[in-house]
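> Below is a structure I'd like to ask you about.
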Amino acid sequence: MQCSSSQTRCAAGLGLSIARRIITLHGGELTAAHPSQGGSEFAFWLPRSSRSVTSE
3 MQCSSSQTRC
13 AAGLGLSIAR
23 RIITLHGGEL
33 TAAHPSQGGS
43 EFAFWLPRSS
53 RSVTSE
């Protein structure tokens, strides 16, 4: 669990692991950056589907 004095809730920190797994399973990539101003930035890329989607 990760808690800080400024947070009102604690988190297990599983969200990023789950997101990374889902993105990887879809053939994508997840990156993280830590700007000098603080905080974190996350980005992900997924391949385009080669199938066309049609609505009925």
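Take 3 as the starting number for the sequence shown in my numbering and just add one per residue.
Note that CB positions come from ideal geometry on N, CA and C, so glycine has one too.
1. Roughly how many whole angstroms lie between the Cα atoms of T56 and H28?
2. Compute the distance between the beta-carbons of P86 and E31, then report whether it is under 8 Å.
3. At the level of alpha carbons, what is the spacing between I20 and G41?
4. Can you tell me whether L16 is helix, strand or coil according to DSSP?
5. Please state whether DSSP places T26 in a helix, a strand or coil.
So, from the data block:
1. Stepping through the sequence shown from its first residue, residue 56 is reached at position 54. Stepping through the sequence shown from its first residue, residue 28 is reached at position 26. The alpha-carbon atoms of T56 and H28 are separated by roughly 20 Å.
2. In the structure as shown, the chain begins at 3 and stops at 58. Residue 86 is therefore absent and cannot be evaluated.
3. Residue numbering aside, residue 20 sits at position 18 when the sequence shown is read from its first letter. Residue numbering aside, residue 41 sits at position 39 when the sequence shown is read from its first letter. Rounded to the nearest angstrom, the two C-alpha atoms are 20 Å apart.
4. On the sequence shown, position 14 is the one that residue 16 refers to. In the structure shown, the three-state DSSP call for L16 is coil.
5. Numbered from 1 along the sequence shown, position 24 holds the residue referred to as residue 26. In the structure shown, T26 sits in a helix (DSSP, three-state: H, G or I).
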